[in-house]
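Visitor:
Numbering (my numbering), first residue to last: 23 to 309.
1) So, under 8 Å CB-CB, residue 200 and residue 246 are touching, yes? Tell me the CB distance rounded to an integer number of Å.
2) Could you compute how far the alpha carbon of residue 222 sits from the alpha carbon of residue 36?
3) Taking a contact to mean a Cβ-Cβ separation below 8 Å, would you say residue 240 touches residue 308 in this structure?
4) From what residue to what residue does the alpha helix (DSSP H) around residue 361 run?
5) Look up residue 277 in the DSSP assignment and give the residues it is bridged to.
6) Which parts of the segment 227-264 are runs of the alpha helix (DSSP H), unbroken and 4 residues or longer, counting only runs that do not cross its ends?
7) What are the residues that DSSP puts in a beta bridge with residue 179?
8) Taking DSSP's pairing of strands, which residues face residue 202 in a bridge?
9) Since residue 265 and residue 182 should fall inside the 8 Å C-beta cutoff, what is the C-beta to C-beta distance between them, to a whole number of angstroms?
10) Just the C-alpha distance for residue 231 and residue 194, rounded to the nearest angstrom, thanks.
11) Compare the Cα-Cα distances from residue 292 to each of 271, 306, 279, 218 and report the closest residue.
12) In whole angstroms, give me the CA-to-CA distance for residue 205 and residue 267.
13) Please classify residue 285: does DSSP put it in a helix, a strand, or coil?
14) Please name the residue or residues paired with residue 292 in a DSSP beta bridge.
15) What do you reckon, are the CB atoms on residue 288 and residue 262 nearer than 8 Å?
16) In whole angstroms, give me the CA-to-CA distance for residue 303 and residue 294.
17) On the three-state DSSP scale, how would you describe residue 132?
18) Once the 5 residues before and after residue 179 are set aside, which same chain residues still bring their CB inside 7 Å of it?
19) Helix, strand or coil for residue 187? Go by DSSP, reduced to three states.
20) Measuring CB to CB, does residue 235 end up less than 8 Å from residue 226?
21) Classify residue 301 as buried or exposed, calling it buried when 16 or more other Cβ atoms lie within 10 Å of its own Cβ.
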């Protein structure tokens, strides 16, 4: 029993070292622009070591059984474990990075396989949008508000889109499903309705993310970001987007009796106000 335990502990040590090395390579070589909190990293590492302990226990049971049943099988299983150690470590590091970065496993694998493409702009022309959303502002009356915007009695969407988000690593997020590029964070502070044009003009003057065609989104466009269920960030919007204290965002649509419409991600709905202090999340059309 003692040689088996010693062998498993050696394998566990090598596995831990290799996995942490692969994990560090993924984070700092393939995703150098990511900002990750220490707490998140600690959670991933603790989870990994718990899994490693469970794996060691499994190996000890398997090797002990093989030794008891047949010594030759024991040697074969040892060799197999050594052979599978490297892909096992790579798989664990990729899964850990996926959890930490909130990035699909397949995206991480693609970036590792094609590292030369990680800094290239995405070729959007090859991917056709599945939804076409209204981009021109409209003015609606209070009576037709729910009908025009497709809302239920609680002012929440009647239908939800299947988004295809991609973090562009430049402060923007692209939704391939709608063909829209969004600010990841939006304005740093609340903005009164009368000051919104100045904020949009500033984004375009300074060429935010190298573009100068940013605009205020319509309700239809903002509504496309609302999720049916509350997400891990406690809001009705994908966690890829950075959040604010009160996640109310102005739209370019107006109410006939005065004021503008806004979308709130705290409750996942649409409302209006004369001059509420909301944030701004600018958008641009890729096509």
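Even for Gly, the Cβ is constructed at its ideal location relative to N, Cα and C.
Guide: Here's the rundown:
1) Here residue 200 corresponds to residue number 178 of the chain shown, with the count starting at 1. Here residue 246 corresponds to residue number 224 of the chain shown, with the count starting at 1. The C-beta distance from residue 200 to residue 246 rounds to 6 Å, short enough to fall under 8 Å.
2) The count along the chain shown starts at 1 and reaches residue 222 at position 200. The count along the chain shown starts at 1 and reaches residue 36 at position 14. Taking the straight line joining both Cα atoms gives about 53 Å.
3) Within the chain shown, numbered from 1, the residue matching residue 240 stands at position 218. Within the chain shown, numbered from 1, the residue matching residue 308 stands at position 286. No, they are not a contact pair.
4) The displayed coordinates of the chain run from 23 to 309. Any statement about residue 361 would go beyond what the structure contains.
5) By 1-based counting over the chain shown, the position of residue 277 is 255. Residue 277 pairs with 162.
6) Complete alpha helix (DSSP H) runs here, min 4: 241-245.
7) Along the chain shown, one-based indexing puts residue 179 at 157. Paired residue(s): 173.
8) Locating residue 202 in the chain shown gives position 180, where the first residue counts as 1. Answer is 197, 307.
9) Taking the first residue of the chain shown as position 1, residue 265 is located at position 243. Taking the first residue of the chain shown as position 1, residue 182 is located at position 160. Under the criterion of beta carbons closer than 8 Å, residue 265 and residue 182 do not qualify as touching, at roughly 19 Å.
10) On the chain shown, position 209 is the one that residue 231 refers to. On the chain shown, position 172 is the one that residue 194 refers to. The straight-line gap from Cα to Cα measures roughly 7 Å.
11) Position 270 of the chain shown, counted from the first residue, corresponds to residue 292. Minimum Cα distance to residue 292 is reached at 271.
12) Start at 1 with the first residue of the chain shown, and residue 205 comes out as number 183. Start at 1 with the first residue of the chain shown, and residue 267 comes out as number 245. Their Cα atoms are separated by approximately 17 Å.
13) As a working mapping, residue 285 is identified with position 263 in the chain shown. Strand at residue 285.
14) Looking up residue 292 in the chain shown gives position 270. In DSSP, residue 292 forms a bridge with 285.
15) Mapped onto the chain shown, residue 288 falls at position 266. Mapped onto the chain shown, residue 262 falls at position 240. Not closer than 8 Å, so no.
16) Residue mapping note: residue 303 aligns to position 281 of the chain shown, counting from 1. Residue mapping note: residue 294 aligns to position 272 of the chain shown, counting from 1. So the alpha carbons of these two residues sit roughly 16 Å apart.
17) Start at 1 with the first residue of the chain shown, and residue 132 comes out as number 110. In the three-state reduction of the DSSP assignment, residue 132 falls in the helix class.
18) Locating residue 179 in the chain shown gives position 157, counting from the first residue. Answer for residue 179: 172, 173, 245, 248, listed in chain order.
19) Residue mapping note: residue 187 aligns to position 165 of the chain shown, counting from 1. Residue 187: strand per DSSP, three-state reduction.
20) What you label residue 235 is simply residue 213 of the chain shown in a count that begins at 1. What you label residue 226 is simply residue 204 of the chain shown in a count that begins at 1. Closer than 8 Å, so yes.
21) Indexing the chain shown from 1 puts residue 301 at position 279. By the neighbour-count rule (16 or more Cβ atoms within 10 Å), residue 301 is buried.
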